[in-house]
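So in UniProt numbering, the last one in the sequence shown is 118, and the numbering has no gaps at all.
Note that the Cβ used here is the ideal one computed from N, Cα and C, for glycine as well.
Everything numeric in this text was worked out from a predicted model, so none of it was measured.
Scroll down for the structure; my scribbles are underneath it.
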Amino acid sequence: MYELVFWQYQEGVYLNHQLVYEALVEQEMVEGLEELPVNVILNRIASVFSSWEKVDENSWKNSNGKGAFQVKSTPQSILIDCYGTEGKTMELLASTLEEFKCPCYDPQVPVRFDEMNE
Numbered sequence: 001m002y003e004l005v006f007w008q009y010q011e012g013v014y015l016n017h018q019l020v021y022e023a024l025v026e027q028e029m030v031e032g033l034e035e036l037p038v039n040v041i042l043n044r045i046a047s048v049f050s051s052w053e054k055v056d057e058n059s060w061k062n063s064n065g066k067g068a069f070q071v072k073s074t075p076q077s078i079l080i081d082c083y084g085t086e087g088k089t090m091e092l093l094a095s096t097l098e099e100f101k102c103p104c105y106d107p108q109v110p111v112r113f114d115e116m117n118e
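Okay, here's the thing in structure tokens:
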């Protein structure tokens, strides 16, 4: 499994990404993060991946190739667990969340891909 996590800081706020990630995984609210339009984002993911088989409300699998992913959410975050998913698919997920000003945090590296990248 490969995990991708997305959130949006409130204007002028910039926190320790790893600590934010750990709190979001525990489904805690994090002061300084925006609340996200979770249903809109889920609908957009469903639209972008409409050619994939929808396994359940929050899971998709590629019927024509490799990979599957499951989306979990909190009011402030989108967490995507990727299973055997190709890099180009993960890039498409990341660019879809960019539409909502939610840069990707890759906890495996750990790096957040945004304009404030240190």
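Whether residue i touches residue j by CB criterion (8 Å)
| i | j | result |
| --- | --- | --- |
| L93 | E3 | no |
| V20 | P107 | no |
| C82 | M1 | yes |
| residue 123 | S59 | The question about residue 123 has no answer, for the chain in this structure spans 1 to 118. |
| T89 | I45 | no |
| V55 | G32 | no |
| L42 | T74 | no |
| N39 | W52 | no |
| Q18 | E34 | no |
| K66 | E86 | yes |
| L36 | F100 | yes |
Residue i, enclosing beta strand (DSSP E) - first and last residue
| i | result |
| --- | --- |
| D3 | The sequence shown places Glu at residue 3, rather than the Asp named in the question. Taken as a continuous stretch (DSSP letters only), the beta strand (DSSP E) holding E3 covers 2 to 6. |
Sheet register partners of residue i (DSSP bridge)
| i | result |
| --- | --- |
| V111 | D106 |
| L33 | Y9 |
Close-in-space but distant-in-sequence residues of the same chain around residue i (CB under 8 Å, 5 per side omitted)
| i | result |
| --- | --- |
| G84 | K66, G67, A68 |
Proximal residues to residue i (C-beta, below 6 Å), its chain only, five neighbours per side dropped
| i | result |
| --- | --- |
| V111 | none |
| F113 | P103, C104 |
| K72 | L79 |
| V48 | T96 |
Run of the alpha helix (DSSP H) containing residue i, from where it starts to where it stops
| i | result |
| --- | --- |
| E22 | 17 to 25 |
| S47 | 38 to 48 |
For this session: Could you tell me which uninterrupted alpha helix (DSSP H) segments, each at least 4 residues in length, are contained entirely in the stretch 54 to 106, listed from first to last along the chain?
Result: If only uninterrupted alpha helix (DSSP H) runs of at least 4 residues are considered, those enclosed by the stretch 54 to 106 are 87 to 98.
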